[in-house]
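Participant: In numbering that gives the first Met the number 0, the protein residues as written are 0 to 348.
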Amino acid sequence: MYTIAVLPCDGVGPEVVAEGLKVLEAAASIYGVQYETVSYDVGGDRFIRTREILPDSVLEELRAMDAIYLGAVGHPEVAPGILEKGILLRLRFELDQYINLRPVKLYPGVETPLANKGPEDIDFVVVRENTEGLYAGVGGSLRKNTPHEVAVQEAVYTRMGVERCVRYAFELARTRARKALTMVDKANVLTYGHSLWQRVFAEVGEEYPDIETDHAYVDACCMWMVKNPEWFDVIVTCNMFGDIITDLGAMIQGGMGVAASGNINPEGVSMFEPIHGSAPRYTGQNVICPIAAIAAAGMMMEHLGEVECGQAIEAAVIAALASGKLGDLSTRSGVSTTETGDLVASLVE
Ligand code: IPM
Ligand code: MN
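#1: Could you spell out where the beta strand (DSSP E) holding F123 opens and where it closes?
#2: Would you mind stating whether E14 and I244 have Cβ atoms separated by less than 9 Å?
#3: Tell me, to the nearest whole angstrom, how far the beta carbon of Y216 is from that of C164; I am working on the premise that it is less than 8 Å.
#4: Could you pull out every residue in the same chain whose Cβ sits closer than 8 Å to the Cβ of K351, ignoring the five residues on either side in sequence?
#5: Pull up the distance between the alpha-carbon of L195 and that of I274, whole angstroms please.
#6: Throw me the rounded Cβ distance for the V11 and S277 pair, which I believe falls under 8 Å.
#7: Report the rounded CA-to-CA distance for K116 versus W230, giving the unit in angstroms.
#8: Which one of N144, R166, V161, G136 has the shortest CA to CA distance from E364?
#9: For A228, collect the residues of the same chain with a Cβ closer than 8 Å to its Cβ; drop the 5 residues on either side in sequence, then sort them by chain order.
#10: Could you tell me whether the Cβ atoms of P289 and T336 are closer together than 9 Å?
#11: Between which two residues does the alpha helix (DSSP H) carrying A63 extend?
#12: Look at the alpha carbon of N238 and the alpha carbon of L94, and state the distance between them as a whole number of angstroms.
#13: Following a CB-centred definition, is T190 positioned closer than 8 Å to any heavy atom of the ligand MN?
#14: Count the other C-beta atoms from every protein chain shown that fall within 10 angstroms of the C-beta of R127, then say buried if there are 16 or more, exposed otherwise.
Printed below as a string of structure tokens:
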């Protein structure tokens, strides 16, 4: 019996989470997976009402969960950064979810903006470090709001943090057919921080002679992701670059509506979410594509060891996308959020 915390949060979060839970229920009943959900009301609305962001008591309860399923964070009436830092990043940090796992997989029937590329070309996974780098929040400002303002935003890397991330990526590469791992960095400019990444990558790599390794600077990586995405199998990279290249990844795999992710603590509590934001413009309109959130629920099941159940969810997503019934997955597709969820749920086998 699993206990899954559900944090729908802001904007379209509740709508996509409802569809994910619908599909999860269908798959879990077929595969005999027992779970209960505990919903938490956190997000912009609660903040506006009570000034509470993520109460410590909620965090403590989340520590005891088997997994967390999150919708989206961000509210138009709350200044940028408050909810992002106070909910999403705080959870990633406090629960030490040091891996952000982001598959970039073009499913058959989904349109990519890349000419002459198909599902056989776009199938890789980005392993994004999730607790350090520019996200560490180290820095400060001086003479704020004067012409002489100074702003310092430090990137923080620890050998421990880099090593556990790189090792996770090597292990993941081992489970894949191609067994190839590319490190993406900017070691030609970030000669302290990314020199550490390069040395750790080379050292850990010695333990994995079966894995083919490669390296790309982040700017070139963006170019190759568009020009030759088939070159990539597993990518490992720092927090900031992982954030950026996975939005590009989402686009080449068919858009924000399909890109799922997991914030993984292999020894602790992990959290699964679509990589898209709260899309406040579309809130309550029943038009946003819930496929990313549904796929994230599948990742959650696989992570919990319910591999058949997770794969059944992914298979249902694939079947729904291949059916041609979902249009272009955009908000103008004419297919509603709930209809998409119903279709996927009906295709779970
Ligand atoms: C993501 C998001 C977050 C990030 C924001 C909302 C803080 O863009 O999950 O990619 O930058 O990590
Ligand atoms: Mn992002």
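Every residue, glycine too, gets a C-beta built ideally from N, C-alpha and C.
Facilitator: The structure says:
#1: On the sequence shown, residue 123 is found 124 positions in, with the first residue counted as 1. Secondary structure note for F123: its beta strand (DSSP E) is the uninterrupted segment 122-128.
#2: Locating residue 14 in the sequence shown gives position 15, where the first residue counts as 1. Locating residue 244 in the sequence shown gives position 245, where the first residue counts as 1. Not closer than 9 Å, so no.
#3: Position 217 of the sequence shown, counted from the start, is the residue given in the question as residue 216. Position 165 of the sequence shown, counted from the start, is the residue given in the question as residue 164. With a contact defined as Cβ atoms closer than 8 Å, Y216 and C164 miss out at about 18 Å.
#4: Residue 351 lies beyond the range of the chain shown here (0 to 348); nothing can be said about it.
#5: Here residue 195 refers to the residue found at position 196 when the sequence shown is read from its first residue. Here residue 274 refers to the residue found at position 275 when the sequence shown is read from its first residue. Between L195 and I274, the C-alpha separation is close to 28 Å.
#6: Sequence index remark: in the sequence shown, residue 11 carries index 12 (1-based). Sequence index remark: in the sequence shown, residue 277 carries index 278 (1-based). About 6 Å separates the two Cβ atoms, so the contact holds.
#7: Within the sequence shown, numbered from 1, the residue matching residue 116 stands at position 117. Within the sequence shown, numbered from 1, the residue matching residue 230 stands at position 231. Computed Cα separation, rounded: 12 Å.
#8: Summary: the structure shown does not reach residue 364, with the chain confined to residues 0 through 348, and so no result is reported for it.
#9: Position 229 of the sequence shown holds residue 228. The question names Ala, but residue 228 in the sequence shown is Pro. Taken in chain order, the residues that qualify are V103, L113, K116, D120, I121, F123, I251.
#10: Taking the first residue of the sequence shown as position 1, residue 289 is located at position 290. Taking the first residue of the sequence shown as position 1, residue 336 is located at position 337. Yes, Cβ-Cβ distance for P289 and T336 is below 9 Å.
#11: Here residue 63 is taken as the residue at index 64 of the sequence shown, counted from 1. For A63, there is no enclosing alpha helix (DSSP H), as DSSP marks it with neither H nor E.
#12: What you label residue 238 is simply residue 239 of the sequence shown in a count that begins at 1. What you label residue 94 is simply residue 95 of the sequence shown in a count that begins at 1. Their Cα atoms are separated by approximately 16 Å.
#13: The sequence position of residue 190 within the sequence shown is 191, counting from 1. T190 has its CB no nearer than 8 Å to any heavy atom of the ligand MN.
#14: The count along the sequence shown starts at 1 and reaches residue 127 at position 128. Looking at its Cβ environment, which holds 16 or more other Cβ atoms inside 10 Å, R127 is buried.
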